[in-house]
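Heads up, the thing below is written out as structure tokens.
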Amino acid sequence: MGSLPFVRMVAVTGALAMDNIADGDIDYLVVTEPGRLWLCRALIVGLVRIAALKGTELCPNYFLSEQALVLNERNLFTAHEVAQMVPLTGLATYQRLRALNRWTDSYLPNAGGPPRRITLVEPRQRRIVEYALRSRLCAPLERWEMHRKIRKLDQRSNGHAEAAFGPDWCKGHFGDHGHVTLARYEERLHALEHRLP
-6 MGSLPFVRMV
4 AVTGALAMDN
14 IADGDIDYLV
24 VTEPGRLWLC
34 RALIVGLVRI
44 AALKGTELCP
54 NYFLSEQALV
64 LNERNLFTAH
74 EVAQMVPLTG
84 LATYQRLRAL
94 NRWTDSYLPN
104 AGGPPRRITL
114 VEPRQRRIVE
124 YALRSRLCAP
134 LERWEMHRKI
144 RKLDQRSNGH
154 AEAAFGPDWC
164 KGHFGDHGHV
174 TLARYEERLH
184 ALEHRLP
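As structure tokens, this is what we get:
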């Protein structure tokens, strides 16, 4: 994934980033060059399908362009996702994302510092392919793919508050896991408050 054209960062997120998964999918956050998010997503979906044929379930469910690194959803769940992610490629982009989201420190003040582990892969041949793909033909293709997929994803996201799509982001969180997790957290916090004298 990280060696594909216009990909600037790939990070493992979710349960696997916390070593809290037995079997299941592997969640990824992918950062792309601005103006190429939807083409990158299409290429990555192709990789996901190839991996599925080999029995590996990849779930790149969050895409951002470098213009959308400041996260608008500011809560404990999002702070935890940012703090726990493990970059596989694009350390400089990862560091920028963390620096632009220092609000996470108010939720998790001890979660700063370098990521837990890094297996960095910085492909050099990608620059040649990117140069070729920067032609004027790719911009209309990017717009076409964006409009096509947003139409389909908007239909699928009916009622899912966490799913969001635009030119610089594709957040395919259809299960509203963040809202469910935060609601359970609040319930437990409320129960603990009643136990205290």
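In the working numbering, the protein residues as written are -6 to 190.
We treat Cβ as the ideally placed atom computed from N, Cα and C, and that holds for glycine.
Here the structure is a predicted model, which is why all the values come from computation and not from measurement.
Burial state of residue i, where buried means 16 or more other Cβ atoms lie within 10 Å
i: Ile37; result: buried
i: Lys164; result: buried
i: Arg141; result: exposed
i: Glu59; result: buried
i: Tyr124; result: exposed
i: Glu135; result: buried
Candidates the options, of which the one nearest residue i by Cα
i: Leu64; options: Lys47, Ala92 and Ala45; result: Ala92
i: Trp162; options: Arg129, Glu179, Ala45 and Pro53; result: Pro53
i: Arg29; options: Trp96, Arg129, Leu90 and Ser150; result: Arg129
i: Glu26; options: Arg67, Ala132, Gly106 and Thr97; result: Ala132
i: Arg1; options: Leu69, Val24 and Pro160; result: Val24
i: Trp96; options: Ser(-4), Phe(-1) and Glu74; result: Glu74
i: Pro107; options: Arg119, Ile121, Val122 and Leu90; result: Leu90
i: Phe(-1); options: Arg127, Ala85, Ala184 and Glu66; result: Arg127
i: Leu62; options: Val122, Tyr87 and Met78; result: Tyr87
i: Val105; options: Met78, Arg120 and Leu46; result: The residue asked about is misnamed: residue 105 is Gly in this sequence, not Val. Among Met78, Arg120 and Leu46, the Cα nearest to that of Gly105 is on Met78.
i: Gly7; options: Ile121, Ala72 and Trp137; result: Ala72
Check whether residue i and residue j have beta carbons under 8 angstroms apart
i: Ala76; j: Leu101; result: yes
i: Leu22; j: Tyr55; result: yes
i: Asp20; j: Val5; result: yes
i: Gly83; j: Gly159; result: no
i: Leu51; j: Val3; result: no
i: Leu182; j: Phe70; result: no
Limits of the unbroken beta strand (DSSP E) element including residue i
i: Met2; result: Val0 to Thr6
i: Gly105; result: No beta strand (DSSP E) contains Gly105, which DSSP labels as neither H nor E.
i: Trp162; result: Trp162 to Lys164
i: Leu57; result: Leu51 to Ser58
Helix, strand or coil at residue i according to DSSP, with G and I counted as helix
i: Asp147; result: helix
i: Pro80; result: strand
i: Gly159; result: strand
i: Leu22; result: strand
i: Pro27; result: coil
i: Arg127; result: coil
i: Lys47; result: coil
i: Glu66; result: coil
i: Arg42; result: helix
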